[in-house]
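Take a look at the structure set out below.
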Amino acid sequence: MDPAELKKLLTDVREGSLSIENGMERLRTLPFEDIGVALIDHHRELRQGAPEVVLGEGKSPDQLLAIVTRMAERGGNILVTRLAAEKSEPLQALFPQADYDPDSRTFTLVQKPIESQGRGTILVVCAGTSDIPVAREASVTARMLGNQVEELVDVGVAGIHRLLAHQDRLRQAAVVIVVAGMEGALPSVVGGLVGVPVIAVPTSVGYGAAFGGVAALLGMLNSCASGVTVVNIDNGFGAAFAASRINRREKG
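The sequence shown maps to residues 53 to 304 in this note's numbering.
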């Protein structure tokens, strides 16, 4: 339930078009609902401005079906992240109107219009093609949260001229998410070119000494560019959520 739905419910009760009993029934599952395999946080959008997002990794197909089905009954939009293709098949069969993106491993079910909430554009910058899965997770998440999103792919420091050719797009963005593996140098370069928040996402891409993304993580944490914030390895979702909060338009 989002603030607009709650306001309408209370207004309907006040005006008599909805009985107190029916109103109480509608509110019965706030703040959460116990479905056995999960405690679904229906109250989260009221507290945080965005509904609960489901982490697909580690959940069985049956658990995912139970969670998503119950959430869908409430009429809201649903995002599932880290969802393997084989686990998405039962969900796609039950919700043919939904979308599964194999690159980002995200499942999205849009049941109501996504309200535009951003002041400007979130630009997702991806160092290499191998980093696309994490970058695409950030893009999908940011769009589901009501942001305008643009992508800039394969502009890593091995060919810095590719990045410098897009300086206008970098400077026009309200927030920049930079996704990179290997040594993780790209966020420092971007941070030196723009005057807006830069959120760095290290990926697990790289050979042995990359240590599954730890090398990129440490490089980003030690960035000499001011204003670079770093999230966890491969956490495109977390970067997008933070960027969305930074970009959120104040409601008048």
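Just so it is clear, CB atoms sit at the ideal spot from N, CA and C, and this is done for glycine as well.
Rank the options by C-alpha distance to the C-alpha of residue i and give the top, closest one.
{"i": "V282", "options": "I229, R297 and D155", "result": "I229"}
{"i": "S240", "options": "G211, A277, G108 and D206", "result": "A277"}
{"i": "F159", "options": "L143, G170, E167 and G172", "result": "L143"}
{"i": "G271", "options": "T173, A102 and M234", "result": "M234"}
{"i": "V209", "options": "Q224, L222, R188 and A232", "result": "A232"}
{"i": "A226", "options": "G265, N299 and S140", "result": "N299"}
{"i": "F263", "options": "G244, V242, L245 and G236", "result": "G236"}
{"i": "G243", "options": "R126, Q115, L215 and E57", "result": "L215"}
{"i": "Q149", "options": "E167, K139, I130 and E138", "result": "I130"}
{"i": "R297", "options": "R223, Q100, D153 and L245", "result": "Q100"}
Determine whether the Cβ of residue i lies closer than 7 Å to any Cβ atom of chain C.
{"i": "N199", "result": "Here there is only one protein chain, and chain C is not present."}
When the Cα atoms are used, what is the spatial distance from residue i to residue j?
{"i": "T255", "j": "E67", "result": "53 Å"}
{"i": "Q200", "j": "G172", "result": "7 Å"}
{"i": "E202", "j": "Q169", "result": "15 Å"}
{"i": "P113", "j": "G211", "result": "42 Å"}
{"i": "A347", "j": "K59", "result": "Outside the displayed span of the chain (53 to 304) sits residue 347, for which this structure offers no information."}
{"i": "Q219", "j": "F289", "result": "25 Å"}
{"i": "P83", "j": "D93", "result": "6 Å"}
{"i": "N274", "j": "L197", "result": "30 Å"}
{"i": "V266", "j": "L62", "result": "50 Å"}
{"i": "V186", "j": "R157", "result": "9 Å"}
{"i": "M123", "j": "A261", "result": "42 Å"}
{"i": "R301", "j": "R195", "result": "14 Å"}
{"i": "G88", "j": "T121", "result": "13 Å"}
{"i": "V257", "j": "L238", "result": "14 Å"}
{"i": "V65", "j": "Q224", "result": "46 Å"}
{"i": "Y259", "j": "N284", "result": "19 Å"}
{"i": "L222", "j": "E138", "result": "37 Å"}
{"i": "S140", "j": "A294", "result": "26 Å"}
{"i": "E125", "j": "L245", "result": "46 Å"}
{"i": "D153", "j": "E167", "result": "21 Å"}
Assign residue i to buried or exposed, taking buried as 16 or more other Cβ atoms, counted over all protein chains shown, within 10 Å of its Cβ.
{"i": "A217", "result": "exposed"}
{"i": "G247", "result": "exposed"}
{"i": "D286", "result": "buried"}
{"i": "P165", "result": "exposed"}
{"i": "H213", "result": "exposed"}
{"i": "L91", "result": "exposed"}
{"i": "I174", "result": "buried"}
{"i": "I119", "result": "buried"}
{"i": "P103", "result": "buried"}
{"i": "S71", "result": "exposed"}
{"i": "R188", "result": "buried"}
{"i": "E73", "result": "exposed"}
{"i": "E97", "result": "buried"}
{"i": "G127", "result": "exposed"}
{"i": "V69", "result": "It is Ser, not Val, that sits at residue 69 in the sequence shown. Its Cβ having fewer than 16 others within 10 Å, S69 is exposed."}
Compute the beta-carbon to beta-carbon distance between residue i and residue j, rounded to the nearest angstrom, for a pair I have assumed lies under 8 Å.
{"i": "A179", "j": "V162", "result": "A179 to V162, Cβ: 30 Å. No contact."}
{"i": "G151", "j": "I184", "result": "For the record, residue 151 in the displayed sequence is Asp; it is not Gly. At roughly 17 Å, the Cβ-Cβ gap does not stay under 8 Å, so D151 and I184 are not in contact."}
{"i": "V250", "j": "G279", "result": "6 Å"}
{"i": "A292", "j": "T193", "result": "4 Å"}
{"i": "S191", "j": "V205", "result": "The Cβ separation is near 10 Å, so there is no contact."}
{"i": "L117", "j": "L146", "result": "7 Å"}
**Request:** Specify whether the segment 102 to 109 and the segment 119 to 134 touch according to this definition: at least 3 beta carbon pairs, one from each stretch, less than 8 Å apart.
**Result:** yes
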